[in-house]
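Trainee: First residue of the sequence shown: 11, per the working numbering; consecutive thereafter.
Before we start, here is the structure in question, set down as structure tokens.
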Amino acid sequence: MGDFGPYAPTLDASGNLYGVTWGGADNYGFLFKLTPANGGWTYTDLHDFGSAAGQTDGCYPQGEPLLDADGNVYGTAEACGGYGSGTIWKFTP
11 MGDFGPYAPT LDASGNLYGV TWGGADNYGF LFKLTPANGG WTYTDLHDFG
61 SAAGQTDGCY PQGEPLLDAD GNVYGTAEAC GGYGSGTIWK FTP
């Protein structure tokens, strides 16, 4: 497997940061959000990878997440997925 991250976060128009790293509830990685709050940050775990049956959502997310105009978050995972060789994932808040 590759690096453990965290990888470069993505900044949205509201100043929130979105990022991925390994670890999490099932130790297959997670997507997180940092929201500016009172001079600091509020952490939110948005999604734990590998938690779905068969891990079709992917394992071990890689790289910088991408955002679209509707607020969806996209990225890649290097393992699991439908064929066990990684996947492109989408998270809709």
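The beta-carbon is built from N, C-alpha and C at its ideal position, and this holds for glycine as well.
Taking its Cβ as the centre, do 16 or more other Cβ atoms sit within 10 Å of residue 87, making it buried, or is it exposed?
Mentor: Flag for residue 87 reads buried.
Trainee: Excluding the 5 residues flanking residue 30 on each side, which residues of the same chain have their C-beta closer than 8 Å to its C-beta?
Mentor: Here the set comprises 15, 16, 17, 39, 40, 41, 42, 71, 72, 73, 75, 85.
Trainee: Under 8 Å Cβ to Cβ from residue 36, same chain only, skipping five residues before and after it: list those, please.
Mentor: Answer for residue 36: 58, 59, 60, 61, listed in chain order.
Trainee: Starting from the C-beta of residue 25, find all residues in its chain whose C-beta is less than 7 Å away, skip the five residues before and the five after it, and write them out in chain order.
Mentor: If we look at residue 25 and ignore the five residues flanking it on each side, its Cβ neighbours are 46.
Trainee: Whole angstroms are fine: how far does the CA of residue 80 sit from the CA of residue 33?
Mentor: If you take the alpha carbons of residue 33 and residue 80, they lie about 28 Å apart.
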